[in-house]
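Colleague:
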Amino acid sequence: MKTVAELVEQIKAHEIPLLDLYRELESSASGRTEKLLAGQMLSYQKFQIKSLDLFSGQMPDKFHSFGAIVEDDVNVRSGAAPSYPVITKVCKGTPVIITEFVGNWAHVQLPDGQRGFVFRAYAKSES
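Just so we're aligned, residue 928 is where the sequence shown starts under my numbering, counting upward by one.
Next comes the structure, spelled out in structure tokens:
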């Protein structure tokens, strides 16, 4: 039986080459709607590949949904309030595991395994 890490690498080996096909689809699209749809599909493919990196860290005990950061330079804090120290900053498009919502805050795990809180409006849930 394969490990999660082996499966992630196998999936990435199949998915990464598809990026070129999605780029080609986007460049071949002629109408406005076709271009928007193809561009969105390319974005989803990129997000899916980046999301696989979430499996490289330790899995959290809780899971609400997969998500993404929707603003640039978002502070990740050690607690669910602006008074807590900033652990790191993340940029728009960063995939996260949302473990729970605490008031106006989302508890997230980043692709490198770090965990912290971001203001809820900055973490879009994919569920």
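Each residue gets a CB set at the ideal place from its N, CA and C atoms; glycine is no exception.
None of these values were measured; they are calculated from a predicted model.
Can you tell me which residues form a DSSP beta bridge with residue 936?
Modeller: Bridge partners of residue 936: none, in fact.
Colleague: Would you kindly report the start and end of the unbroken beta strand (DSSP E) that includes residue 1050?
Modeller: Note, residue 1050: beta strand (DSSP E), 1050-1052.
Colleague: Using DSSP with H/G/I as helix, E/B as strand and the rest coil, what is residue 1005?
Modeller: Coil.
Colleague: DSSP on residue 1024, reduced to helix/strand/coil?
Modeller: DSSP places residue 1024 in strand when its eight states are reduced to three.
Colleague: Just list the residues that DSSP pairs residue 992 with in beta bridges.
Modeller: DSSP, once it has assigned bridges, lists 1025 as partnering residue 992.
Colleague: Is any heavy atom in the ligand GDP found nearer than 7 Å to the beta carbon of residue 984?
Modeller: In the structure on display, the ligand GDP does not appear, and there are no ligands present to speak of.
Colleague: Provide the residue span of the beta strand (DSSP E) that contains residue 1036, from first to last.
Modeller: Residues 1032-1036.
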